[in-house]
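*Asks:* First, the structure itself, so that you have it in front of you.
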Amino acid sequence: MTQMPINMDHHWMPFTNNRLFHQEPQMFERAEGVRYWTPEGREVLDGSSGLFTCAAGHGRKEIAEAVYKQLQKLDYTPHFQRAAPISFKLAEALSDILPEGLDRVFFGSSGSEAVDSAIKICLAYHKAMGEPQRTRFVSRSWAYHGVNLGGTSLAGMVGNRRDFAGVTCDVVHMRHTWNEEQRFTTGQPEEGAHLAEDLEEICMTYGGETIAAVFVEPIAGSIGTIVPPLGYLQRLREIADKYGILLVFDEVITGFGRTGSAFAAQEFGVTPDVMTLAKALTNGAIPMSAVAVKTEIQQTVIGSISADRPELMHGYTYSAHPVACAAALATLGIYESEGLFDRAASLSPIFLDAVFSLRNLPHVTDLRGYGMMAGIQLTPGEAPGAKGSIVQRRLFDEGLHVKATGDALIFAPALTTSEEDLSMMVDILQTVLGRAE
Ligand code: PLP
851 MTQMPINMDH
861 HWMPFTNNRL
871 FHQEPQMFER
881 AEGVRYWTPE
891 GREVLDGSSG
901 LFTCAAGHGR
911 KEIAEAVYKQ
921 LQKLDYTPHF
931 QRAAPISFKL
941 AEALSDILPE
951 GLDRVFFGSS
961 GSEAVDSAIK
971 ICLAYHKAMG
981 EPQRTRFVSR
991 SWAYHGVNLG
1001 GTSLAGMVGN
1011 RRDFAGVTCD
1021 VVHMRHTWNE
1031 EQRFTTGQPE
1041 EGAHLAEDLE
1051 EICMTYGGET
1061 IAAVFVEPIA
1071 GSIGTIVPPL
1081 GYLQRLREIA
1091 DKYGILLVFD
1101 EVITGFGRTG
1111 SAFAAQEFGV
1121 TPDVMTLAKA
1131 LTNGAIPMSA
1141 VAVKTEIQQT
1151 VIGSISADRP
1161 ELMHGYTYSA
1171 HPVACAAALA
1181 TLGIYESEGL
1191 FDRAASLSPI
1201 FLDAVFSLRN
1211 LPHVTDLRGY
1221 GMMAGIQLTP
1231 GEAPGAKGSI
1241 VQRRLFDEGL
1251 HVKATGDALI
1261 FAPALTTSEE
1271 DLSMMVDILQ
1281 TVLGRAE
């Protein structure tokens, strides 16, 4: 049967060269396990868990069934002065696996919403503490914290901020933690904890009492997996405590087993005050995000507001959507019953060995990795990002989907990936990155 041609004129695609896409579309029509299929029926292995979303692999029946059942039972409820029992169940289930002390959860629909919600919660907390002057934020060069206005302000990937001047809020950036000497380091680099002193310096320059929070991705994901140097996150915690600044871990990518622990906070032994979560929360099946905060943050905000009004003037139509809650509960069930966080920890050495086998290939200038995520840095092409997009296309043609940012590939397959499928993915990387051209 001949397929009808698709009219692509009307969908304005995000973070996409729309003109190029129309000439050379890269579409997926079906997925299962760690495989996608194009509309022509060609198989493409998924080397990035979708977009770090599908940690338990695609096409999970348990999630589909939970969603279907929930849709039939209660398709929607508002969450302003109304609720469905399922959202409380999910918040409790999350608090069981979150770092100790972070057991109050606010829901949204995307990582970007979680980041902007976290910004507002930090501001509300300081106001409640009698410090409304704390309106400045600190983040890090090369950071990605989503694309809403707060996240755009925090962005350290300047290309995501440049075109939107005028809408951003007051953010000071620390340096990123990558340096030349660390090329081809597996796991945490030994050198670099001193870079946390940037926070101390910013406190001296601007006044620590003006700063509300410092946002970091424990492992900088979107830029291409930059692993924190040993002691770096611990030092950020100490400096934040010294100045009364909240420490926020954006775990939108690192959450739900990606590092080998439930969250990077536990993996690196540093407990933040606030955490943002999304993506693998529902295995990518239904949009959902969460902000987890320490009990005292929520209690302080609640206690500061008179009992006859809502405590946080913030929320979304789709906050705690019951269908998303059902998807998340089913996903957490899979993580637990299949022991996927432990599986990530045990698969990690095999995964990292496989990644580091790419070391001497002509296009590779650096490799980084931790847990089940790795960055493959490519020799730059004619313009920044040109090589990344050419290589990404070649990989797609050879049967592997991998996310590219600029000239870095981010290789982060599902935690369920078999060793055989992992070798097939690495073989395709070997083939494409091994070509001299
Ligand atoms: N924060 C981090 C660390 C991310 O990696 C992302 C997305 O990749 C976001 C926030 C934004 O999430 P979303 O695209 O769901 O808005």
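Using my numbering, read the sequence shown as starting at 851 and increasing by one per residue.
Don't be surprised by glycine CBs; every beta carbon is placed ideally from N, CA and C.
#1: Between Asp1158, Pro1137, Gly1058, which lies nearest to Gln931 when the distance is taken from Cα to Cα?
#2: So Pro1068 and Ala1115 are in contact, right, with Cβ under 8 Å, and what is the actual spacing, rounded?
#3: According to DSSP, Lys1144 sits in a beta bridge with which residue or residues?
#4: Just how far apart, CA to CA, sit Glu1047 and Thr1075?
#5: With DSSP collapsed to three states, give me the class of Ala964.
#6: Using only alpha-carbon positions, find the residue among Leu870, Pro864, Pro855 that is nearest to Ile799.
#7: Buried or exposed for Gln922, please, with buried defined as at least 16 other CB atoms from any protein chain shown within 10 angstroms of its CB.
#8: Run the CB neighbour count on Phe1034, radius 10 Å, all protein chains shown included, and call it buried at 16 or more, exposed below.
#9: Comparing the CB of Glu1117 with every heavy atom of the ligand PLP, is any distance shorter than 7 Å?
#10: At what residues does the beta strand (DSSP E) containing Ser989 begin and finish?
#11: Would you say Asp966 touches the ligand ATP, meaning its beta carbon is less than 7 Å from a heavy atom?
#12: Please state the DSSP three-state secondary structure of Arg885.
#13: When the Cβ atoms of the segment 1091 to 1105 are set against those of the segment 1019 to 1027, are three or more pairs found closer than 8 Å?
#14: Per DSSP, which one or two residues make a beta bridge with Lys1253?
#15: Just to confirm the assignment, what range does the alpha helix (DSSP H) spanning Asp1271 have?
#16: Kindly indicate the opening and closing residues of the beta strand (DSSP E) around Glu893.
#17: Tell me the rounded alpha-carbon separation between Asp1123 and Ile1095.
#18: Of all residues in the structure, which have a C-beta closer than 6 Å to any heavy atom of the ligand PLP, taken in chain order?
#19: According to the neighbour-count rule (16 or more other Cβ atoms, all chains shown, within 10 Å of its Cβ), is Thr1027 buried or exposed?
#20: Which of the three DSSP states is assigned to Val1022 in this structure?
#21: Can you check whether the CB of Ile1103 is closer than 8 Å to the CB of Phe902?
#22: Please classify Ile971: is it buried, with 16 or more other beta-carbons within 10 angstroms of its beta-carbon, or exposed?
#23: Give the DSSP-derived three-state secondary structure of Met1054 in the structure shown.
#24: What's the C-alpha gap between Leu1131 and Ser1072?
#25: How about Ile1061 and Arg984: do their beta carbons lie closer than 8 Å?
#26: To which residues does DSSP link Val1124 through a beta bridge?
#27: DSSP three-state call for Ile1076: helix, strand or coil?
#28: Whose C-beta lies closer than 6 Å to the C-beta of Asp1091 among residues of the same chain, with five residues either side of it excluded?
#29: Between Gly1016, Asp1013, Ser991, which has its C-alpha nearest Leu1004's C-alpha?
#30: Does the Cβ-Cβ distance between Ala1262 and Ser898 come in under 8 Å?
#31: Compare the Cα-Cα distances from Phe1206 to each of Thr1266, Tyr918, Leu1283, Arg1012 and report the closest residue.
#32: If distances are taken between C-alpha atoms only, which option among Leu1080, Ala905, Gly1235, Ala974 comes closest to Asp1192?
#33: Would you kindly work out how many angstroms separate the C-alpha atoms of Ser1154 and Ala978, rounded to a whole number?
#34: Count the other C-beta atoms from every protein chain shown that fall within 10 angstroms of the C-beta of Ala1015, then say buried if there are 16 or more, exposed otherwise.
#35: Gln1227: buried (16+ other C-beta within 10 angstroms of its C-beta) or exposed?
*Replies:* Concretely, from the data shown:
#1: Among Asp1158, Pro1137, Gly1058, the Cα nearest to that of Gln931 belongs to Asp1158.
#2: About 7 Å separates the two Cβ atoms, so the contact holds.
#3: DSSP, once it has assigned bridges, lists Leu952 as partnering Lys1144.
#4: The alpha-carbon atoms of Glu1047 and Thr1075 are separated by roughly 22 Å.
#5: Reduced to three states, the DSSP call for Ala964 is helix.
#6: The first residue shown for the chain is 851 and the last is 1287, placing residue 799 beyond what the model contains.
#7: The residue in question, Gln922, is exposed, as its Cβ has fewer than 16 Cβ neighbours within 10 Å.
#8: Around the C-beta of Phe1034, fewer than 16 other C-beta atoms lie within 10 Å, and the residue is accordingly described as exposed.
#9: Answer for Glu1117: no, Cβ out of range of the ligand PLP.
#10: That run of the beta strand (DSSP E) goes 986 to 990.
#11: Summarising the ligand content, the structure contains the ligand PLP and does not contain the ligand ATP.
#12: In the structure shown, Arg885 sits in a strand (DSSP, three-state: E or B).
#13: Remark: fewer than three beta-carbon pairs, one from each stretch, lie closer than 8 Å, so the segment 1091 to 1105 and the segment 1019 to 1027 are not flagged as touching.
#14: Residue pairing by DSSP puts Lys1253 in a beta bridge opposite Ile1260.
#15: Asp1271: member of the alpha helix (DSSP H) spanning 1269 to 1284, first to last residue.
#16: Where Glu893 is concerned, the enclosing beta strand (DSSP E) stretches over 893 to 896.
#17: Cα-Cα distance, rounded: 9 Å.
#18: That query returns the following residues: Ser960, Gly961, Ser962, Val965, Tyr994, His995, Gly996, Glu1067, Gly1071, Ser1072, Asp1100, Val1102, Ile1103, Ala1128.
#19: The residue is buried, with at least 16 neighbouring Cβ atoms inside 10 Å.
#20: Three-state DSSP puts Val1022 in a strand.
#21: Result yes, Cβ atoms of Phe902 and Ile1103 sit closer than 8 Å.
#22: Classification for Ile971: buried.
#23: Here Met1054 sits in helix by DSSP.
#24: Computed Cα separation, rounded: 18 Å.
#25: Yes, they are a contact pair.
#26: Val1124 pairs with Val1098, Val1143.
#27: Three-state DSSP puts Ile1076 in a strand.
#28: Same-chain partners within the cutoff: there are none.
#29: Ranked by how close their Cα comes to the Cα of Leu1004, the residues Gly1016, Asp1013, Ser991 have Ser991 in first place.
#30: Between Ala1262 and Ser898, the CB-CB gap stays under 8 Å.
#31: Considering only alpha carbons, the answer is Leu1283.
#32: For the residues Leu1080, Ala905, Gly1235, Ala974, the minimum Cα distance to Asp1192 belongs to Ala905.
#33: In a straight line, the C-alpha of Ser1154 is about 5 Å away from that of Ala978.
#34: It is exposed - the Cβ of Ala1015 has fewer than 16 other Cβ atoms within 10 Å.
#35: The residue in question, Gln1227, is buried, as its Cβ has 16 or more Cβ neighbours within 10 Å.
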